[in-house]
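A.B. asks:
Protein chains in written order, with the numbering used here: chain G, 123 to 234; chain Z, 4 to 116.
Written as C-alpha cells, this is what we have:
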C-alpha cells in the first residue's frame with residue numbers, strides 16, 4: 123500500500139469549510155484513497171473513499187487530483203463535533219484481510 | 004442495525020496475567036480485524052480472521068493470539084501481560100474482508116499495572 127503524508131495538525135473555525143490535504147505520490151493505479159476519522163477515545167469512523175473521480179456523501183467531499191498524487195477531504199461546514207484525528211489511507215480495494223495501515227493523521231481542531 | 008460491540012470497555016490487569024477481549028461484528032460480517040492503539044505507536048494491525056481462519060497477522064509476539072467462532076464473533080487473548088501492552092484494542096468488521104469500509108467498535112481500554 124502506498125505511503126501517505128498529512129499535516130500533523132490544522133485549525134478550522136466553526137461553520138467554515140475544513141480542507142484536509144493528503145499526499146500519496148506513490149499511489150498505484152488500482153489503489154483507492156480512504157479517509158477515516160477518530161474522535162477522542164472512540165474507534166475510527168469511515169468517512170469516504172474514491173479511486174479517481176471526486177466523491178461526495180453526507181459527511182464530506184473527496185477531491186482527488188488528476189494525477190492522483192494527492193487528495194483533499196472537505197468538510198463543508200465544520201462543527202465542534204468534527205474535532206478529531208483524520209487519517210488518509212491508500213490501499214487496494216481487494217486488500218483481503220482489512221489490513222489497514224494508519225499513519226499519524228491530521229489532528230483537526232474546530233474552534234468556536 | 005447494531006454496530007460492532009466490544010467487551011469489556013475497560014480492564015485493569017496485573018503484569019504477568021492473561022486477558023481475553025471479545026468482539027461481536029455487525030450481523031452478516033464475516034471478517035474481523037484487531038488493532039492496538041498506543042500514543043507512541045499509533046494504530047497497529049494485529050490480525051484478521053475470516054470464517055474462523057486467521058488470514059493475516061501483524062508483527063506482534065506470540066503472546067497475542069485470537070480466534071473466531073462460527074457466528075463470526077472473535078476473541079483476542081494476550082498472555083503474560085507486560086506494562087507495554089497497555090493500550091486501546093480495537094476491532095473492525097466488514098462483510099468479506101476484501102476492502103470495503105470497515106466498521107470499528109468503541110474499543111477496550113486495557114491498563115496493565
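We treat Cβ as the ideally placed atom computed from N, Cα and C, and that holds for glycine. Just so it is clear, the structure is predicted and the values come from calculations on it, not from any experiment.
1) By the criterion of Cβ-Cβ separation under 7 Å, what are the contact partners of residue 165 of chain G in chain Z?
2) Count the other CB atoms, across all protein chains shown, that sit within 10 Å of the CB of residue 44 of chain Z; report buried if there are 16 or more and exposed otherwise.
3) Which class does residue 133 of chain G belong to by DSSP, given the choice of helix, strand or coil?
4) If I follow the unbroken beta strand (DSSP E) through residue 51 of chain Z, where does it start and stop?
5) Kindly list the residues whose CB is nearer than 8 Å to the CB of residue 29 of chain Z, restricted to its own chain and excluding five residues on each side of it in sequence; keep chain order.
6) Under 8 Å between C-beta atoms, does residue 24 of chain Z make it to chain G?
7) Going by DSSP, what residues sit across from residue 78 of chain Z in a beta bridge?
8) Taking contact to mean 3 or more Cβ pairs, one atom from each stretch, closer than 8 Å, check whether the region 156-165 of chain G and the region 23-37 of chain Z are in contact.
9) Beta carbon of residue 39 of chain Z, beta carbon of residue 90 of chain Z: below 8 Å?
10) For the beta strand (DSSP E) that contains residue 236 of chain G, what are its first and last residues?
11) Does residue 23 of chain Z pass the burial test, meaning 16 or more other C-beta atoms within 10 Å, or should it be called exposed?
12) Using a Cβ-Cβ cutoff of less than 7 Å, which residues in the same chain neighbour residue 110 of chain Z once the five nearest sequence positions on both sides are dropped?
13) So, do the region 11-21 of chain Z and the region 137-153 of chain G have three or more beta carbon pairs nearer to each other than 8 Å?
14) If you run the structure through DSSP and keep just helix, strand and coil, what is residue 31 of chain Z?
15) Go ahead and pull the three-state DSSP assignment for residue 2 of chain Z.
16) With respect to the beta strand (DSSP E) encompassing residue 20 of chain Z, which residues constitute its N-terminal and C-terminal limits?
17) Where residue 85 of chain Z and residue 70 of chain Z are concerned, what is the direct C-alpha to C-alpha distance, given to the nearest angstrom?
18) For residue 48 of chain Z, decide whether its Cβ has a neighbour in chain G, counting only Cβ atoms nearer than 8 Å.
19) Rounded to the nearest angstrom, how far is the Cβ of residue 145 of chain G from that of residue 127 of chain G, given a contact under 8 Å?
20) Roughly how far, in whole angstroms, is the beta-carbon of residue 166 of chain G from the beta-carbon of residue 143 of chain G, given that I think they are within contact range, below 8 Å?
C.D. replies: Inspection of the coordinates gives the following:
1) The residue given as residue 165 of chain G occupies position 43 in the first chain. By Cβ distance, chain Z contributes 93, 107, 108, 109 and 110.
2) Position 41 of the second chain, counted from the start, is the residue given in the question as residue 44 of chain Z. Its Cβ having fewer than 16 others within 10 Å, residue 44 of chain Z is exposed.
3) Within the first chain, numbered from 1, the residue matching residue 133 of chain G stands at position 11. Note: residue 133 of chain G maps to strand in three-state DSSP.
4) Here residue 51 of chain Z refers to the residue found at position 48 when the second chain is read from its first residue. Its beta strand (DSSP E) spans residues 45-53.
5) Working through the second chain from its first residue, we reach residue 29 of chain Z at position 26. Hits under 8 Å: 4, 5, 6, 7, 96 and 106.
6) Within the second chain, residue 24 of chain Z is the residue found at index 21, counting from 1. It does not; no Cβ of chain G falls within 8 Å.
7) Position 75 of the second chain, counted from the first residue, corresponds to residue 78 of chain Z. Beta-bridge pairing links residue 78 of chain Z to Z:25 and Z:70.
8) no
9) Position 36 of the second chain holds residue 39 of chain Z. Position 87 of the second chain holds residue 90 of chain Z. A contact, by the Cβ cut-off of 8 Å.
10) Because residue 236 of chain G is not part of the residues shown, which for chain G are 123 to 234, the question remains open.
11) Your numbering for residue 23 of chain Z matches position 20 in the second chain. Exposed, by the Cβ-count rule.
12) Here residue 110 of chain Z refers to the residue found at position 107 of the second chain. Counting only Cβ-Cβ distances below 7 Å, and skipping sequence neighbours, we find 9, 91, 92 and 93.
13) no
14) Looking up residue 31 of chain Z in the second chain gives position 28. DSSP places residue 31 of chain Z in coil when its eight states are reduced to three.
15) The displayed coordinates of chain Z run from 4 to 116. Any statement about residue 2 of chain Z would go beyond what the structure contains.
16) Mapped onto the second chain, residue 20 of chain Z falls at position 17. No beta strand (DSSP E) holds residue 20 of chain Z; DSSP gives it neither H nor E.
17) In the second chain, residue 85 of chain Z corresponds to position 82, counting from 1. In the second chain, residue 70 of chain Z corresponds to position 67, counting from 1. Those two C-alpha atoms are separated by around 21 Å.
18) Translated into positions along the second chain, residue 48 of chain Z becomes position 45. Put simply, the CB of residue 48 of chain Z is near chain G, with a gap under 8 Å to one of its CB atoms.
19) Here residue 145 of chain G corresponds to residue number 23 of the first chain, with the count starting at 1. Here residue 127 of chain G corresponds to residue number 5 of the first chain, with the count starting at 1. Right, the Cβ-Cβ distance comes to about 4 Å (below 8 Å), so this counts as a contact.
20) Taking the first residue of the first chain as position 1, residue 166 of chain G is located at position 44. Taking the first residue of the first chain as position 1, residue 143 of chain G is located at position 21. Wrong, their Cβ atoms sit about 19 Å apart, outside the cutoff.
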